[in-house]
Amino acid sequence: MKLNQLDTPVLLIEEDAFLRNMKRMQELAEKAGIAYRPHAKAHKSSEIAKMQIDAGAVGVCCAKLGEAEVLVSHDIKDILITTPVIGISKLTRMMRIANKAKISVVADNSENIAEMAAVAQTCGVRPDVVIEVDVGQGRCGVQPGDAALDLAYEVMSADWLNFKGLQGYQGAIQMTTSFAERDVAARKAVGLLTDTAELIRKAGLPLDYLTGGGSGTSVIDAAAAGLTELQPGGYLFMDSRYREIEWDGGNSIPFEQSLTLLASVISLPEPGRCILDMGLKAVSSDGGPPVPVNLPGASFKFAGEEHSELVFENGSCPLALGDKVAFVPTHCDTTVNLYDRFIAYSGEDVVDVWNIAARGRVQ
Numbered sequence: 030m031k032l033n034q035l036d037t038p039v040l041l042i043e044e045d046a047f048l049r050n051m052k053r054m055q056e057l058a059e060k061a062g063i064a065y066r067p068h069a070k071a072h073k074s075s076e077i078a079k080m081q082i083d084a085g086a087v088g089v090c091c092a093k094l095g096e097a098e099v100l101v102s103h104d105i106k107d108i109l110i111t112t113p114v115i116g117i118s119k120l121t122r123m124m125r126i127a128n129k130a131k132i133s134v135v136a137d138n139s140e141n142i143a144e145m146a147a148v149a150q151t152c153g154v155r156p157d158v159v160i161e162v163d164v165g166q167g168r169c170g171v172q173p174g175d176a177a178l179d180l181a182y183e184v185m186s187a188d189w190l191n192f193k194g195l196q197g198y199q200g201a202i203q204m205t206t207s208f209a210e211r212d213v214a215a216r217k218a219v220g221l222l223t224d225t226a227e228l229i230r231k232a233g234l235p236l237d238y239l240t241g242g243g244s245g246t247s248v249i250d251a252a253a254a255g256l257t258e259l260q261p262g263g264y265l266f267m268d269s270r271y272r273e274i275e276w277d278g279g280n281s282i283p284f285e286q287s288l289t290l291l292a293s294v295i296s297l298p299e300p301g302r303c304i305l306d307m308g309l310k311a312v313s314s315d316g317g318p319p320v321p322v323n324l325p326g327a328s329f330k331f332a333g334e335e336h337s338e339l340v341f342e343n344g345s346c347p348l349a350l351g352d353k354v355a356f357v358p359t360h361c362d363t364t365v366n367l368y369d370r371f372i373a374y375s376g377e378d379v380v381d382v383w384n385i386a387a388r389g390r391v392q
């Protein structure tokens with residue numbers, strides 16, 4: 030099948046660029062001597078997770094338990110859940126998949142640790158626990174230093190839990206435009222994590238696992254040599270926001286745009302305006318509107334849940350009814366979650382279909 034034969038809206042991956050992105054991140058981690066655990070929240074696909082592991086990843090991250098359940102059902106065997114799993118119901122679900130795969134989970138609360146230990150004992154499972162440290166994001170995590178040490182003691186004293194290490198993720202800086210500013214902030218975040226790790230080691234607790242980082246700070250995190258494991262996600266696809274930030278002191282972007290959306294012109298109400306079949310239900314808007322590819326002078330606007338429009342500044346629309354228009358999304362993760370599958374292509378040919386099996390799994 031050719032691209033122009035596809036029904037739209039449709040989510041596309043340019044396969045060669047996608048594979049080059051995967052290879053470049055793997056090489057970045059290997060050169061730095063850091064393990065590589067990509068974040069499956071970006072793609073939510075067991076096929077892609079298997080590709081990443083086959084390429085050298087030690088496993089994958091999942092943001093939610095529901096994602097992990099889907100991936101385990103598709104034989105992904107090593108998963109870190111990067112959001113706390115709270116409550117008896119969810120902890121019981123987690124223990125069920127921990128009987129089938131190596132499951133690690135972050136924690137930042139004494140009550141959660143005690144409850145997890147009780148459920149683990151009931152289920153006869155001993156999961157790995159990673160203490161999350163707030164290294165600047167201001168979201169989940171205990172404060173660096175003694176608070177993390179106290180929780181590490183609690184995990185160590187629980188008969189049915191294993192203390193694995195620390196997580197520190199500074200998501201707020203991943204899109205910082207200035208590379209110099211991002212570099213300073215990322216190194217500060219890593220420093221808070223490594224200082225906390227040293228405090229825990231001095232207290233006599235074993236600790237050799239420090240996980241975190243993201244696509245926007247991947248080059249910095251690798252160079253800083255503090256983390257033992259990287260958690261990038263969006264590097265596989267990229268989006269328009271990633272392409273607007275500085276990379277590595279002005280050097281070229283290390284990752285290519287592999288993810289695009291394809292929409293069709295369904296109406297030509299005026300000479301300088303066309304209507305597309307891609308609305309708010311087909312592309313996320315949390316990062317702003319998508320960017321049309323190779324259409325200079327085109328201004329995009331959402332026109333409802335199922336529609337959008339392009340207005341051309343010179344008053345003349347170059348598109349005909351049924352023409353296909355490619356777009357770069359502003360946020361790859363939230364756009365992917367709107368679709369059931371990726372269509373992989375090379376040139377003008379469809380070459381594969383990858384299911385997004387964990388889409389919508391937010392519990």
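With our numbering, you'll find the sequence shown wraps up at 392, consecutive numbering, no jumps.
Glycine included, every Cβ here is placed at the ideal spot set by N, Cα and C.
| Nearest to L350 by alpha carbon, out of I295, V365 and N343? | I295
| said: Suppose the cutoff is 6 Å on Cβ atoms and the five residues either side in sequence are ignored; what does the same chain contact list for G263 look like? | reply: A71, S244 and C361
| query | Applying the criterion that 16 or more other CB atoms from any shown protein chain within 10 Å of the CB defines a buried residue, is K60 buried or exposed? | reply | exposed
| Between the C-alpha atoms of L40 and F331, what's the straight-line distance to the nearest angstrom? | 18 Å
| Does the ligand NAD have even one heavy atom less than 7 Å from the beta-carbon of E140? | Ligands in the displayed structure: none, and consequently the ligand NAD is not present.
| task | Answer yes if the stretch 226 to 239 comes into contact with the stretch 177 to 185, meaning at least three C-beta pairs across the two stretches below 8 Å, and no otherwise. | result | yes
| said: Tell me which residues share the same chain as V101 and place their Cβ nearer than 6 Å to its Cβ, disregarding the 5 neighbours each side in the sequence. | reply: I126, K129 and A130
| In terms of residues, what are the limits of the beta strand (DSSP E) holding I304? | R302 to L305
| Residues in its own chain within less than 7 Å of A187 by CB, not counting five upstream and five downstream? | I142 and A146
| Is the distance from the Cβ of L259 to the Cβ of A58 below 8 Å? | yes
| What are the boundary residues of the alpha helix (DSSP H) that V148 is part of? | S139 to C152
| said: What does the Cβ neighbour count give for G165, buried or exposed, with the cut at 16 atoms within 10 Å? | reply: buried
| task | For G389, I'd like the list of residues in its chain whose CB is within less than 8 Å of its CB, leaving aside the five on either flank, ordered along the chain. | result | N366
| task | Can you tell me which of the three DSSP states Y374 falls into? | result | strand
| task | Kindly list the residues whose CB is nearer than 8 Å to the CB of A46, restricted to its own chain and excluding five residues on each side of it in sequence; keep chain order. | result | E285, Q286 and S287
| Closest by CA to G116, which one among A149, A69 and Q199? | A149
| request: Work out the CA separation of G95 and E338 for me, nearest whole Å. | output: 35 Å
| task | Figure out for me which residue from P67, L195, E273 and D381 has the closest Cα to the Cα of L256. | result | L195
| task | Compare the beta carbon distance of A292 and L309 with 8 Å and say whether it is the shorter of the two. | result | no
| field | Element boundaries [alpha helix (DSSP H), containing K93] | value | First-last for K93: undefined, no H or E at that position.
| said: By DSSP's criteria, H68 is part of a beta bridge. Which residues make up the other side? | reply: C90
| request: Taking only runs that begin and end inside the stretch 300 to 357, name each unbroken alpha helix (DSSP H) of 4 or more residues, in chain order. | output: none
| task | For S313, count neighbouring C-beta atoms within 10 Å of its own C-beta (all shown protein chains included) and say buried if the count is 16 or more, exposed if not. | result | buried
| request: For T223, I'd like the list of residues in its chain whose CB is within less than 6 Å of its CB, leaving aside the five on either flank, ordered along the chain. | output: G255
| message | Looking at the secondary structure, which residues open and close the alpha helix (DSSP H) in which K193 lies? | response | Run containing K193: none in the alpha helix (DSSP H); it sits in the beta strand (DSSP E), N191 to G197.
| query | In the structure shown, what three-state DSSP assignment does D107 receive? | reply | strand
| Leaving out the 5 sequence neighbours to the left and right, which residues in its chain are closer than 7 Å to T289 when beta-carbon positions are compared? | L41, V322, A355, F356 and V357
| Are the beta-carbon atoms belonging to E342 and G316 less than 8 Å from one another? | no
| field | Three-state class that DSSP yields for G242 in the structure shown | value | coil
| request: Output the distance between the C-alpha atoms of M80 and D352, rounded to the nearest integer angstrom. | output: 33 Å
| query | Secondary structure at N366, three-state DSSP: helix, strand or coil? | reply | coil
| request: Let me know if I77 comes out buried or exposed under the rule of 16 or more other beta-carbons within 10 Å of its beta-carbon. | output: buried
| task | Following the continuous alpha helix (DSSP H) through V248, name the residue where it begins and the one where it ends. | result | S247 to A253
| field | Endpoints, the alpha helix (DSSP H) within which D83 is located | value | S75 to D83
| request: Tell me whether E98 sits in a helix, a strand or coil according to DSSP, three-state version. | output: helix
| task | Give the C-beta separation of P67 and P261 to the nearest angstrom, bearing in mind that I take them to be a contact with Cβ-Cβ under 8 Å. | result | 6 Å
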